[in-house]
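*Asks:* Attaching a single structure in structure tokens format; questions to follow.
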Amino acid sequence: MAKVGIIGGSGLGQALCGQTSGKQVSADTPFGPPSDAIIQTNWNGIDIAILNRHGPGHSIPPSMVNYRANIYALKAIGCTHIIASGAVGSLREEIAPKDLVIPDQVIDKTYRRVGTFFDGLAAHVEFAVPFCPVLRKHLLECKSIVNTKVHDGGTYVCMEGPAFSTRAESRMHRAWGGDLIGMTCMPEAKLAREAEIAYALVCLPSDYDCWREAPEHLDKMELLKEIIGNLNDATSNAIGLIKEAIARFARIADVPSPAHKALELALWTEKTKIPKSTIKSLGVLVDKYLK
């Protein structure tokens with residue numbers, strides 16, 4: 032049975048949790064605690080689980096998010112799909128603040144984060160298509176519900192942070208073919224693939240990063256106020272899109288995603304060579320293959 036995890040990023044996480052009532056679950060995992068209690072409820076007949084990526088009061092910066100615990104916890108409570116959100120800067124003139132973007136590619140520039148569950152064995156998942164095509168298509172089919180442009184595709188450059196890019200870096204990211212710049216997509220998307228969860232991302236552009244200089248007439252406080260206003264508007268639109276996607280989710284609930292069999296050919300270590308303690312610690316991630 033399908034169950035949809037919703038990971039809320041900057042702005043959206045707190046907004047969505049504040050709007051939602053349900054059973055709060057404080058999960059524990061082999062990788063430590065997740066960012067926050069998970070709210071479990073049901074929308075339109077679909078079981079959902081909401082997780083605030085940055086914790087209460089936006090207390091966890093991108094590099095310190097326990098991505099492994101977050102994804103493991105959602106897997107352990109039965110999530111088959113994840114719709115995540117994240118604030119981003121736009122690297123393209125045509126992607127305006129307040130638009131929404133459903134990206135289809137990612138470039139990983141992170142370096143401080145643990146990017147795999149599989150420390151005790153060799154596991155190599157396919158990741159050429161990092162976002163679930165079934166879930167992406169479904170989100171795009173719901174775009175008429177929101178009063179803003181929803182872009183089909185784009186390359187998300189995930190930087191380490193917490194500082195924003197230099198102007199030289201921003202221009203480099205554009206030259207690489209990047210369309211969006213953010214700090215939280217990775218290793219979240221990769222871990223979801225290792226957990227065999229279909230994962231798609233709704234991006235909320237709040238500004239044009241720093242490749243395009245801000246108007247001279249705006250001082251820093253005015254610029255910040257504008258960015259926050261853009262993020263608030265994008266958040267409202269993203270919540271509308273996600274809720275519509277859940278309302279229509281029965282249409283794809285039984286459609287197989289490539290992610291759901293990601294480990295089928297990915298576990299390369301001989302089973303007899305894997306310590307039982309490793310198999311036990313990985314739990315729900317490998318039970319159907321190694322138990």
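Residues in the sequence shown are numbered consecutively from 32, following the numbering used here.
We put the beta carbon where it would ideally sit given N, CA and C, even for glycine.
Nearest to Gly-117 by CA position, among Asp-150, Asn-263, Ala-100 and Lys-322, is which residue?
*Replies:* Asn-263
*Asks:* In or out: Leu-122 buried (at least 16 other Cβ within 10 Å) or exposed?
*Replies:* Its Cβ being crowded by 16 or more others within 10 Å, Leu-122 is buried.
*Asks:* Thinking just about the alpha-carbon of each residue, which of His-169, Arg-205, Lys-34 and Ile-81 is nearest to the one in Lys-54?
*Replies:* Ile-81
*Asks:* Looking only at C-alpha atoms, which of Ala-153, Asp-139, Tyr-103 and Thr-179 sits nearest to Val-132?
*Replies:* Thr-179
*Asks:* Could you pull out every unbroken alpha helix (DSSP H) segment of at least 4 residues lying fully inside the region 155 to 202, listed in chain order?
*Replies:* Here the runs fully enclosed are 164 to 172.
*Asks:* According to DSSP, is Lys-322 part of a helix, a strand, or is it coil?
*Replies:* coil
*Asks:* Could you tell me if Gly-260 is buried or exposed, where buried requires 16 or more neighbouring beta carbons within 10 angstroms of its beta carbon?
*Replies:* exposed
*Asks:* Just to confirm, is the Cβ distance from Tyr-230 to Cys-163 under 7 Å?
*Replies:* yes
*Asks:* Ordered along the chain, which non-local residues of its own chain (more than five positions away) have a Cβ less than 8 Å from that of Lys-322?
*Replies:* Sequence-distant Cβ neighbours of Lys-322 in its own chain, meaning closer than 8 Å and more than five residues away, are Ile-310.
*Asks:* Distance check for Arg-202 and Ala-245, CA to CA, integer angstroms please.
*Replies:* 15 Å
*Asks:* Under 8 Å by Cβ, that's how I've got Leu-232 and Phe-148 pegged, so tell me the actual separation to the nearest angstrom.
*Replies:* Rounded, the Cβ-Cβ distance is 20 Å, inconsistent with contact.
*Asks:* As a quick exercise: from His-89, Ile-37 and Phe-158, pick the residue whose alpha carbon is nearest that of Gly-109.
*Replies:* Ile-37
*Asks:* Where are the alpha helix (DSSP H) runs, 4 residues long or more, that stay fully inside the region 90 to 122, in chain order?
*Replies:* With a minimum length of 4 residues, the continuous alpha helix (DSSP H) runs that stay inside the region 90 to 122 are 98 to 107.
*Asks:* By alpha-carbon positions, which one of Ala-154, Gly-120, Gly-63 and Lys-34 ends up nearest to Thr-300?
*Replies:* Measuring from the Cα of Thr-300, the nearest candidate turns out to be Ala-154.
*Asks:* Is it buried or exposed, Ser-90, if we count other Cβ atoms within 10 angstroms and call 16 or more buried?
*Replies:* exposed
*Asks:* Buried or exposed, going by whether 16 or more other CB atoms sit within 10 Å of the CB of Asn-268?
*Replies:* buried
*Asks:* Pro-65 to Tyr-98, Cα distance in whole Å?
*Replies:* 8 Å
*Asks:* Please state the DSSP three-state secondary structure of Lys-236.
*Replies:* Correcting the residue identity first, residue 236 is Pro in this sequence and not Lys. Secondary structure at Pro-236: strand, using DSSP grouped into helix, strand and coil.
*Asks:* Pick out whichever of Arg-243, Ala-100, His-291 and Ala-220 has its Cα sitting closest to the Cα of Ser-196.
*Replies:* Closest in C-alpha terms to Ser-196, from the list Arg-243, Ala-100, His-291 and Ala-220, comes Arg-243.
*Asks:* Restricting to Cα atoms, I'd like to know which of Pro-218, Thr-303 and Lys-319 is closest to Met-95.
*Replies:* Pro-218
*Asks:* Which residue or residues does DSSP assign as beta-bridge partners of Asp-78?
*Replies:* Lys-34 and Asn-73
*Asks:* Cα-Cα, which of Glu-191, Leu-105, Asp-183 and Cys-241 is closest to Gly-314?
*Replies:* Leu-105
*Asks:* In chain order, what residues of the same chain have a beta carbon less than 6 Å from the beta carbon of Ala-265, not counting five sequence neighbours either side?
*Replies:* Lys-129 and Leu-235
*Asks:* Name, in chain order, the residues that DSSP records as bridge partners for Ala-229.
*Replies:* For Ala-229, which the question treats as bridged, DSSP gives the partners His-112.
*Asks:* Pick out whichever of Ala-115, Ala-100, Gly-208 and Cys-173 has its Cα sitting closest to the Cα of Val-137.
*Replies:* Here the closest residue by C-alpha is Gly-208.
*Asks:* On the three-state DSSP scale, how would you describe Ile-138?
*Replies:* strand
*Asks:* Rounding to the nearest angstrom, what Cα-Cα distance links Ile-79 and Lys-292 in this structure?
*Replies:* Distance from the CA of Ile-79 to the CA of Lys-292, rounded to the nearest whole angstrom, comes to 21 Å.
*Asks:* Is it right to say Val-160 is buried, meaning 16 or more other beta carbons lie within 10 angstroms of its own, or is it exposed?
*Replies:* exposed
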